[in-house]
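Enquirer: Each step along the sequence shown adds one to the number in the numbering used here, with nothing skipped, and position 58 is 529. All C-beta atoms in this analysis are idealised placements derived from N, C-alpha and C, irrespective of residue type, glycine included. One structure coming up, written as structure tokens, with questions to follow.
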Amino acid sequence: FLSEVRDIEVKSEAETGMSGSDYYLVRCKMALLQKDLHLAESELLNQGKVDECIDMYQKLFKHDEAIRVAEQARHPDVIEMRQAYFAFLLESNQEERAAELKVREHDFLQAIKLYMKGGMPGKAAQVI
Numbered sequence: 472f473l474s475e476v477r478d479i480e481v482k483s484e485a486e487t488g489m490s491g492s493d494y495y496l497v498r499c500k501m502a503l504l505q506k507d508l509h510l511a512e513s514e515l516l517n518q519g520k521v522d523e524c525i526d527m528y529q530k531l532f533k534h535d536e537a538i539r540v541a542e543q544a545r546h547p548d549v550i551e552m553r554q555a556y557f558a559f560l561l562e563s564n565q566e567e568r569a570a571e572l573k574v575r576e577h578d579f580l581q582a583i584k585l586y587m588k589g590g591m592p593g594k595a596a597q598v599i
């Protein structure tokens with residue numbers, strides 16, 4: 472990972488003549504190294520790199536965050552992303568997370584069914 476960051480730093484110095492540590496991608500990778508996902512996101516979005524930001528979150532299995540970024544940027548694939556994530560949650564028997572997703576989408580009936588299927592009648596009752 473660090474060698475990749477160093478390569479990016481050297482390449483950016485050669486291309487721009489500026490310090491490679493000031494390059495947005497280097498700052499993003501260093502933020503990831505420090506586990507500061509929001510700073511990494513900011514570095515990418517400040518450069519208009521929405522797809523790269525979404526990809527970063529998906530590689531880290533932070534699909535909720537990837538969908539949030541896509542929604543904020545009005546990304547054309549946000550509906551497909553949400554559907555694929557929902558299908559993944561169902562396939563992996565994560566009914567609670569799938570139900571939470573449906574609550575955020577205001578699909579309360581589906582959320583209740585998913586909570587019940589997951590054996591969480593208390594959470595199903597809270598939706599009502």
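How big is the Cα-Cα spacing for Val497 and Leu510?
Expert: Numbered from its first residue, the sequence shown carries residue 497 at position 26. Numbered from its first residue, the sequence shown carries residue 510 at position 39. Their backbone Cα atoms lie some 12 Å apart in a straight line.
Enquirer: Taking Leu585 and Ala569 to be in contact with their CB atoms under 8 Å, please state how far apart those CB atoms are, rounded to whole angstroms.
Expert: Here residue 585 refers to the residue found at position 114 of the sequence shown. Here residue 569 refers to the residue found at position 98 of the sequence shown. About 5 Å; that satisfies the 8 Å criterion.
Enquirer: Note down, in chain order, each residue of its chain lying with its Cβ closer than 6 Å to the Cβ of Ala544, except the 5 sequence neighbours on either side.
Expert: Translated into the one-based positions of the sequence shown, residue 544 becomes position 73. The residues are Val521.
Enquirer: Going by other Cβ atoms of all chains shown within 10 Å of its Cβ, with 16 needed for buried, is Phe557 buried or exposed?
Expert: Here the question's residue 557 lines up with position 86 in the sequence shown. The residue is buried, with at least 16 neighbouring Cβ atoms inside 10 Å.
Enquirer: Using C-beta distances below 6 Å, list every residue in its chain close to Asp526, excluding the 5 sequence neighbours before and after it, in chain order.
Expert: Counting from 1 along the sequence shown, the entry for residue 526 is found at position 55. Cβ neighbours of Asp526 beyond the five flanking positions: none.
Enquirer: For Leu516, which residues in the same chain have their Cβ closer than 7 Å to its Cβ, ignoring the five residues on either side in sequence?
Expert: Translated into the one-based positions of the sequence shown, residue 516 becomes position 45. The answer, listed in chain order, is Cys524.
Enquirer: Spatial neighbours of Tyr495 within its chain, please: CB distance less than 6 Å, with the 5 preceding and 5 following residues excluded, ordered by chain position.
Expert: The residue given as residue 495 occupies position 24 in the sequence shown. Contacts found: Glu514, Gln518.
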